[in-house]
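For reference, the structure discussed in these notes is given below.
Residue numbers (UniProt numbering): 1 to 103.
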């Protein structure tokens, strides 16, 4: 029998300031995330700015939603992606993918 040990990180990976440049292009599946979200405005093909709304992270920290739009590269796209002020990772919502029929 093999047991794997996992420890919860002590730093919040969503807000970590020491992100390597290569991580800016990666998207992370997040089962606790209700919507796809990023902090990188340059990723959007279409973006509508928003003046209100917040997201709450697992550590109860809150950040402002500053926009919502679509991200795509011609062959694939994500709709209703939130632009969140200061978010350092790109997060894919598993629940949003399931709602769209992904398995």
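Even for Gly, the Cβ is constructed at its ideal location relative to N, Cα and C.
Source: prediction; values computed, not measured.
Cα atoms of residue 65 and residue 74: separation of roughly 26 Å, rounded to the nearest angstrom. Residue 69 is positioned such that its CB atom lies closer than 7 Å to that of residue 48. In chain order, 70 place their CB closer than 8 Å to the CB of residue 79, counting only its own chain and leaving out the 5 sequence neighbours on each side.
CA-CA distance, residue 30 to residue 87, rounds to 14 Å. The shortest CA-to-CA distance from residue 43 to any of 100, 91, 72, 89 is the one to 72. The beta carbon of residue 90 sits closer than 6 Å to the beta carbons of 27, 38 from its chain, once the five residues preceding and following it are set aside; these are given in chain order.
In the three-state DSSP reduction, residue 87 falls in the coil class, being neither helix nor strand.
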